[in-house]
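Just so you know, we're using numbering that gives the first Met the number 0 here: the sequence shown kicks off at 0 and counts up by one.
In this text, a Cβ means the ideal position worked out from N, Cα and C, and glycines have one as well.
Notes for the one structure printed next.
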Amino acid sequence: MPEFRTPNGTRDIMPPESARWEVLLARFAAAVEAAGYGLVISPMFENVEVFQRVGASTDVVRKEMYQFTDKGGRSLALRPEGTASIVRAFVQHRPPTPWKTWYAAPSFRYEHAQAGRYRQHHQGGVEVLGSADPDIDVEVIALAWSFFASLDLRLVTLRLNSLGDATCRPVYRAALGAFLQSRLPLLCDDHRARLEDNPLRVLDCKKPECVAATADAPHQLDFLCSACALHFDRVMLGLRSLAIPFVLDPRLVRGMDYYSRTTFEFAASALESAQNAVGGGGRYDGLVEEMGGPPTPGVGFGIGLDRTLLACDAEGVLPVSAVAPRLDVFVVDFAGGSAARDLTFLLRSSGFRVDRAFDGRSPKSQLKSADRSGARLALIIGPDEAAADQVTIKDLRAAGPGASQERVDRALLVAELRRRLLL
Ligand code: HAM
């Protein structure tokens, strides 16, 4: 027999844990929709060229993409991130700008799987296309910041950088390239061989030799042209005005090639440093054009939902016990089962959350299921109750055998349940 298990780097998210996902997704949706963002559901796979635009020099594209050829010979890839698909959708449909979008969807990267690093992870993100206003950078960052705060996460820090634009980046790139050439023998094997691809990638390298060799590398912030410097000043001013704390990190280059100007990352210091990035984003003012659209600025973020929940665990917030859905009523029937069937249906259509036992189990086993279900009340129908057209209500949270049991007429049951459950 083959082993039927989840593939490496993937996992099942099951009850009660999945209840936290429901809460997380609902909060994210509510927060971004309250700010005027609309949901985009794009395909899980695209023509591979869509993602190649993310950057030929990035690990995400070079090494980690789930790429395949379909039966029609088309070259496709599972989405490794959300931005490229939104930009492709913009170019394809040309909605009016500013186009404010959000998504919450799985992404796929063939990474070395470990705690907090998965081959299928889930991102909640926003992308705004068609506005170059620094205030939209501030809005996007503030949305992510408020989302983390709404979960009661306290140990999240924001790092900020600017990567310049087509005017000043080449100047910086040349300066950094020259600096790195002078340090070439000190770089890691990979970057020594691929320095020309994109010297900025070296700043993102976590290998100790690259970190040491670039400690005194020139910073993009010192090379910003006046337009980029002004933009960045206005972003910082906006964040200060909204009392969102940040630290400047001139080494923050992010994992994709499409960024320009503002870039940012959120780190959860309660998590281990290799996997503590819980979200990141920035501007990508050239990407729409690269995909064949008109010149259109863009900015957005992707929040790693899996890691956000790990950060919640590490900080002891949003516990499963606080969010798992509770039943109102569990129906126990040892008078044949048809009463349970009909009553369950009736109570559900009256708005109660109701479950029952099946398979004619013994009263003891049904009451055990009622206890395990977490329901507030058990409704017991034995032969006596059935004959008198009554139901016994048992409060499952009251202590002691026989505590708080009461028989009520079937006709009065809905009103009595409403009273007890304060609906
Ligand atoms: P990213 O930094 O590659 O950016 O991913 C965003 C977040 O997704 C990360 O901060 C992390 O929390 C989570 N993440 C990424 N890979 C994994 C993984 N293998 N396992 C678990 N979590 C992971 C982007 O993807 C950009 N599209 C963000 C963006 C949107 N930039 C502009 N707009």
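Need the endpoints of the beta strand (DSSP E) that residue i sits in, please.
i: Glu126; result: Gln119 to Leu128
i: Ala276; result: Ala276 to Arg282
i: Phe147; result: That residue, Phe147, is in no beta strand (DSSP E); its alpha helix (DSSP H) goes Pro133 to Ser149.
i: Pro244; result: No beta strand (DSSP E) holds Pro244; DSSP gives it neither H nor E.
i: Ile85; result: Per DSSP, Ile85 belongs to no beta strand (DSSP E); it is in the alpha helix (DSSP H), Thr82 to His92.
i: Leu159; result: Val155 to Ser161
i: Arg406; result: Gln404 to Asp408
i: Phe50; result: Phe50 -> not in any beta strand (DSSP E); alpha helix (DSSP H) instead, spanning Val47 to Gln51.
Whole angstroms is fine: what's the gap from residue i's alpha carbon to residue j's?
i: Tyr171; j: Thr100; result: 32 Å
i: Tyr257; j: Arg191; result: 23 Å
i: Ser361; j: Ala323; result: 28 Å
i: Gly445; j: Arg417; result: The structure shown does not extend to residue 445, since the chain is modelled only from 0 through 422, so no value can be given for it.
i: Arg406; j: Val316; result: 41 Å
i: Ala377; j: Ala356; result: 11 Å
i: Glu21; j: Ser225; result: 45 Å
i: Asp134; j: Ala103; result: 24 Å
i: Leu247; j: Ile40; result: 34 Å
i: Pro293; j: Ser130; result: 13 Å
i: Leu183; j: Thr156; result: 33 Å
i: Phe27; j: Gln180; result: 45 Å
i: Val328; j: Asp305; result: 32 Å
i: Thr5; j: Ser106; result: 16 Å
i: Leu420; j: Ser320; result: 19 Å
i: Arg347; j: Ser84; result: 40 Å
i: Arg87; j: Asn160; result: 26 Å
i: Gln113; j: Lys393; result: 47 Å
i: Glu2; j: Pro79; result: 27 Å
i: Ala310; j: Ala267; result: 6 Å
i: Thr391; j: Pro15; result: 29 Å
i: Ser17; j: Arg352; result: 18 Å
With 16 as the cutoff for other CB atoms within 10 Å, does residue i come out buried or exposed?
i: Pro296; result: buried
i: Glu32; result: exposed
i: Gln91; result: exposed
i: Phe89; result: buried
i: Ile380; result: buried
i: Thr166; result: exposed
i: Ser349; result: exposed
i: Met255; result: buried
i: Met13; result: exposed
Please confirm if residue i has its CB atom under 8 Å from at least one CB of chain B.
i: Asp284; result: The structure shown contains no chain B; it is built from a single protein chain.
Does DSSP put residue i in a helix, a strand or coil?
i: Ser240; result: helix
i: Asp58; result: helix
i: Lys99; result: strand
i: Leu366; result: helix
i: Gly208; result: At residue 208 the sequence reads Glu, which differs from the Gly that was named. Three-state DSSP puts Glu208 in a helix.
i: Phe107; result: strand
i: Ala269; result: coil
i: Leu220; result: helix
i: Phe67; result: strand
i: Val322; result: helix
i: Arg73; result: coil
i: Val330; result: strand
i: Glu288; result: helix
i: Phe263; result: strand
i: Arg4; result: coil
i: Arg233; result: helix
Ends of the alpha helix (DSSP H) at residue i?
i: Val215; result: At residue 215 the sequence reads Asp, which differs from the Val that was named. It is not in any alpha helix (DSSP H) - Asp215 carries neither H nor E in the DSSP assignment.
i: Val413; result: Leu412 to Leu420
i: Ser181; result: Arg168 to Ser181
i: Arg191; result: Asp188 to Arg193
i: Val201; result: Leu199 to Leu202
Item to check | Residue ranges of each alpha helix (DSSP H) within the region 335-361, 4 or longer | outcome: With a minimum length of 4 residues, the continuous alpha helix (DSSP H) runs that stay inside the region 335-361 are 337-348.
Item to check | Within the region 8-44, ranges of the alpha helix (DSSP H) (whole runs, at least 4 residues) | outcome: Taking only runs of at least 4 residues, the alpha helix (DSSP H) segments lying wholly in the region 8-44 are 16-32.
Next on the checklist: I'd like the ranges of any beta strand (DSSP E) spanning at least 3 consecutive residues and lying wholly in the region 368-400.
Outcome noted: Complete beta strand (DSSP E) runs here, min 3: 376-380 and 389-394.
Next on the checklist: I'd like the ranges of any beta strand (DSSP E) spanning at least 3 consecutive residues and lying wholly in the region 290-318.
Outcome noted: Within the region 290-318, the beta strand (DSSP E) runs of at least 3 residues that lie entirely inside it are, in chain order, 297-303.
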